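Chains as they are written, first to last, in our numbering: chain X, -7 to 273; chain U, 17 to 768. Glycine included, C-beta positions come from ideal geometry on N, C-alpha and C. Owing to the predicted nature of the structure, the values given are computational and were not obtained by experimental measurement. Data block below; observations after.
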Amino acid sequence: MIKNYFRPKTIDELSELKLKTKGYLFSGGTDLFVKLRAGTIDTDTVIDTKYLNSRKIEITGNKLFIPINATYSELRMFIKQNNVNNMLENIVKTIGSPMIRNRGTPVGNISNASPAGDFVLASYLFNAQVIIEPTSRKLPVKNFIKGPGKIDLRENEFVYGIELEILNDYKFYFEKVGRRNAMIISIASLGLLLKEKDNKIKDIRIAFGSVAPYILRDENLEKSLIGETINEELFKHIAIEYQKLSSPITDVRATKEYRKSLVHNLVIKAYNNLFEKVVKE
Amino acid sequence: MKIIGKKVKRIDGFQKAEGSAKYASDYYFHNMLYASVVYANVPHGILKNIDVSKAYELPGVVYVATYKDVPGINKFGHVIKDMNFLVPIGDKVRFEGDVIALIAAESKEIAEKAAKLVSCEIEELPPVLTIDEALKDEIIVNGDSNIGFHRKIRKGHIEDAFKDADLVLEMNFETGYQEHAYLEPQGAVAYYTPDNVMEIYVSAQCPFYVHEDVANILGLPLNKINVIQTETGGGFGGKEDVPSYVAAKPALLSYLTKRPVKLIYTREMDIKETSKRHPSKSYFKVAFKKDGTILGVKSKTYLDMGAYSTLSPIVMYRTTVHSCGTYKVPHVFVDVYGVYTNKVPCGAFRGFGSPQVLFAIESVMDEAAKRLNIDPYEIRLKNTLDVGDETATGHKLTSSVGAKKTLKKVYEISNYPKLKDYVKKYNETNKFKKLGLGWSHIFYGVSLGSGGQHLDGASAEVLIQPDGTINIMIGNTEMGQGAKTTMAIIASEILGQKLDKISVLQPQTLVLQDSGPTVASRTTIFSGNAVRIAAKKIKENIIGFLSNYFGVGKNEISFSDGNVLVRDKIFTFEEITELCNKNNVKLSEIGWYKTPKLHFDHEKGIGEAYITYTFSTQLSLVEVDILTGKISLKEAWVCHDIGKVINYDGAIGQVHGGVVQGMGYAIMEEIKQDNGKILTDNFNNYIIPTIKDAPQNIHVEFVEEEFSEGPFGAKGLGEPSLMSSPPSIANAVSNAINKRISKIPISMEDII
Ligand SMILES: Cc1cc2nc3c(=O)[nH]c(=O)nc-3n(C[C@H](O)[C@H](O)[C@H](O)COP(=O)(O)OP(=O)(O)OC[C@H]3O[C@@H](n4cnc5c(N)ncnc54)[C@H](O)[C@@H]3O)c2cc1C
């Protein structure tokens, strides 16, 4: 049962409280309270971060900064109004429900570090940097997340924000496979960003969710694809390579065999949606 | 008709939308205790010992009850009493949700903590977890054999059918569990008052079952127990018999502590302990002539009852009767078995044992159509029932058979030939997405029928206050389906008072006679008739008085739109009721309705199975993603013959909800278990449809073949609205992927 509740206003106050009380940070609470109810987190202290004086969502140079406490709904509004990284919309709109998006936050999502986290996948795709206070550390999301539910954070530290690259002229495909269309944790997901020139790959980023203990992204494989001609053969090759790299598990949502098939099929689907247009939406 | 069949505002809508309606968890009493439950948590074993001492040491714990504390009969069971309320030492644990002890404490948190401190020693036995294992009868779950019950139909000579057939199809089917997923979990508050009346506030479909069961458990006379149905946030069958098991817990604790006790289930407890739709396995062998005419049906269906029989024997009656679908079948040989396993006991669920076999027979019809090169629509039209025909149980239908009309209506509104064309073209040009069309044509025996006619009566009390407002109390329950509005419409039609002056109260068992359960799509007919009878009696009282008072003929008095017309003078309804009250006119009456006796031979399964039948047709359009296996219901066309439509918006709502809940059953909802333990114990992993999964368009039409016994000619809709959906969707998926689906729920993994 929760007995202590704090509302720090400054970075130092927050840091000090976290260190002293070992309490859990509470932003949207959409992960925290689920876990408290299920008993997978047991604490009597929560530290509400929502009263912290922090920066707002903003564009700085070629980066999109998403601070602590910024909700999915706020982010959606921002990207629409500023016409920036519109691809994110496709990911964000699949998260939970309107109620969850009004509370839940991207920072909460990466701090929760689930391999099924949809914004974790987005962060990988957009080469996110995680900004940590009070130490002002900054590290790539792939280094920040160390495993399912495990993050690189010291006892006095917290995530202050995330910085995403701003990408233009990319083709984009995102699909989250689940048995229903809302309020669903993905069985597998794929995000793919592709920049082409003369029917050849100029840049490509491919990330999978829920098919490994972490978000699956292989930058070496991506590099090897640069300069290749875009055609079905190439995507079949990509599909097979990622299938090899994936290491899904069987859980209550799906079997590992099915997830393996999905890794393959989602790449084929991405190709068909982006280039073949045989699949009408 | 003045108001029947018109669009009206739901009479209990505002309070529910605003949040002021009181559900079980909204009840608080001074000095109230909170209950928690100690479960066995093993699927099979023998209870050796219970140790409650640690729980008692926790401050705030007031009582820890075990079987020893039960003053009455420690047993439940609808047909046979094969389930312990609290498992006694030395007796068997038969599923993970068997209850060992109950705790009453000063707070919910303390009660829950204390539950963890009760330890029990259980000698584990190997569990029986599938129908196939159960049939071996090597390990006995309950009684003398795992095959607890058997029902059958024997009509004609089935072997003749196979001899004369041009096509004989043999197919196997499987269906899974379905969880009711009502919005409001089970819960009850019990208060053993200082004057020794046990008051029970419970979310329930049948307060009378709770009444009787709690009386047995506590050994109290029925006139000392008042069961008051709270607002009920959905039931779907899950609150038919289960609330007895729920309410008995706080009732016992309140009896023992003499304090009010509240028990509200968490979703996890609810899914683990309470009933579901029976999983099934069935085998069908069906004979057809070349032209598609059915000659005979032989079927064998096993229902997985789980650890206790509860309502299963009655569920099986419906399974049996519906095994041949809506069709004329001369030769019938149907067997249905209820099988014990060490899993959650299954019971009532919207459709009550019929969706399992309707999925099977409707799949058979589609497969036959394909093999015989007949359109699936035509084969149904050819075989369906009409006036003068006999059902599979030999029930000759004399009226109210709109089956054909529902088929024709769906054909027409869907523009079927064009739609078929569109689907064909789409599939030719799309590699990874396929569309499919699927028909279903079903019937449903309304109310309890010969399987439960002893329960088929219902009471209603109508009371007009001096100011013209009206209170109605019916013995059936509102649980979200809109019964209150339907009852108010019936009273309004007869008495002419406006709908917003009528309220329908929650039933109480100390006030009303046992009216049976609110199940089997029976409320509109039963309570509706009871209200009609009571309202008519009052109307006669008023007319008798007015005709004397004003010296006019009885036929010169009429009621409508909140007014009373006496020859050429208009009075408001309020003026008239005030006048009546001052002159001692009787303004309250009780209506009682029961159905004519049905004749049925239970040994052969032959006779009048139900008082009447609802007939329904659905056509579904699905899209299947071949790369992911994802199935989407794109559009559905549905038509039901429900006799006279009383509450139009309510009826449309039933159909929308039914189509979507049936879709969940067909393509999403899955109870996953590990060694008898349910893993999918909340809505994070037990996936039910959201609004984002509902099709954009569900086109609904009604055929109104009136039923002379029904109020204004009405039949029932609550369940058939769901039942048409699973077979239609499964047939559509089969059509899309060109492969027969023989198992629901269809998993995405089955597709790719
Ligand atoms: C019904 C429902 C549907 C959902 N659907 C989805 C979905 O579709 N996709 C998806 O990815 N997720 C989903 N989620 C999970 C959740 O909503 C998201 O992960 C969300 O982004 C969490 O954000 P939050 O602000 O609510 O986090 P919180 O619950 O407040 O925090 C999450 C965790 O991070 C810690 N934390 C919070 N802030 C910080 C910080 N600044 N620094 C360090 N640690 C911190 C908390 O202590 C906690 O352990 C769903 C949840 C629910 C309840």
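Item                                                                                                                     : Value
Limits of the unbroken beta strand (DSSP E) element including residue 763 (chain U)                                      : Element bounds for residue 763 (chain U): n/a, residue is neither H nor E.
Assigned secondary structure, residue 244 (chain X) (DSSP; H/G/I helix, E/B strand, else coil)                           : coil
Residues in the segment 92 to 118 of chain X having any Cβ partner in chain U nearer than 9 angstroms                    : none
Run of the beta strand (DSSP E) containing residue 13 (chain X), from where it starts to where it stops                  : Looking at the DSSP string, residue 13 (chain X) is not in any beta strand (DSSP E); the run it does join, the alpha helix (DSSP H), is 3 to 13.
Residue 93 (chain U) CB to nearest heavy atom of ligand 1 below 6 angstroms                                              : no
Closer than 7 angstroms to chain U by CB, residue 273 (chain X)                                                          : Here the model assigns residue 273 (chain X) a pLDDT of 42, short of 50, so the residue's position is not dependable, and the following value carries that caveat. No, residue 273 (chain X) lies away from the interface with chain U (no Cβ there is under 7 angstroms from its Cβ).
Start and end residues, beta strand (DSSP E) containing residue 321 (chain U)                                            : 310 to 322
Proximal residues to residue 676 (chain U) (C-beta, below 6 angstroms), its chain only, five neighbours per side dropped : 705, 710
Distance cut-off 6 angstroms: residue 46 (chain X) Cβ against heavy atoms of ligand 1                                    : no
Beta carbon proximity, residue 261 (chain X) to chain U, threshold 7 angstroms                                           : yes
For residue 32 (chain U), the residue or residues it bridges with in DSSP                                                : Paired residue(s): none; residue 32 (chain U) is not in a bridge.
Extent of the continuous alpha helix (DSSP H) run through residue 420 (chain U)                                          : 419 to 429
Per DSSP, the bridge partner or partners of residue 565 (chain U)                                                        : DSSP output for residue 565 (chain U) lists no bridge partner at all.
Best match in X:189, X:203, X:206, X:213 for proximity to residue 197 (chain X) [C-alpha to C-alpha]                     : X:213
Interface residues of chain U facing residue 253 (chain X) [CB-CB closer than 7 angstroms]                               : 768
Cβ distance (whole Å) where residue 53 (chain U) is taken to contact residue 214 (chain U) below 8 angstroms             : With 8 angstroms as the limit, residue 53 (chain U) and residue 214 (chain U) do not qualify as a contact, their Cβ atoms being about 19 angstroms apart.
Expected contact under 8 angstroms - CB spacing of residue 242 (chain U) and residue 526 (chain U) to nearest Å          : 4 angstroms
Beta-carbon proximity list for residue 189 (chain U), same chain, < 6 angstroms, skipping 5 on both sides                : 298, 376, 758
Cα-Cα separation, residue 601 (chain U) to residue 367 (chain U)                                                         : 44 angstroms
Coarse secondary structure for residue 715 (chain U), derived from DSSP in three states                                  : strand
Segments of 3+ residues assigned as beta strand (DSSP E) that fall wholly inside the segment 95 to 146 of chain X        : 121 to 125, 129 to 132, 137 to 139
Residue 92 (chain X): CB within 6 angstroms of a non-hydrogen atom of ligand 1                                           : yes
Residue of U:224, U:453, U:121, U:385 minimising C-alpha distance to residue 635 (chain U)                               : U:453
Members of the segment 162 to 189 of chain X near chain U, C-beta cut-off 9 angstroms                                    : 167, 169, 170, 171, 172, 173, 174, 175, 176, 177, 179, 180
Residues of the segment 664 to 687 of chain U whose Cβ lies closer than 7 angstroms to any Cβ of chain X, in chain order : 684
Status (buried if at least 16 other CB within 10 Å, exposed otherwise) for residue 618 (chain U)                         : exposed
Nearest candidate by alpha-carbon position, reference residue 243 (chain X), set U:695, U:440, U:323                     : U:695
Counterpart residues of residue 457 (chain U) in DSSP-defined beta bridges                                               : U:633
Neighbour list for residue 35 (chain X) in chain U, Cβ cutoff strictly below 9 angstroms                                 : Simply none; closest approach about 15 angstroms.
DSSP three-state assignment for residue 684 (chain U), whether helix, strand or coil                                     : coil
For residue 432 (chain U), three-class secondary structure by DSSP                                                       : helix
Under 7 angstroms by beta carbon: chain X residues contacting residue 696 (chain U)                                      : 244
Buried versus exposed, by CB contacts within 10 Å (16 or more), residue 166 (chain U)                                    : exposed
Proximity test, Cβ basis, 7 angstroms: residue 250 (chain X) and chain U                                                 : yes
Rounded C-alpha distance that separates residue 411 (chain U) from residue 253 (chain X)                                 : 51 angstroms
Neighbour flag for residue 69 (chain X) against chain U, beta carbons, 7 angstroms                                       : no
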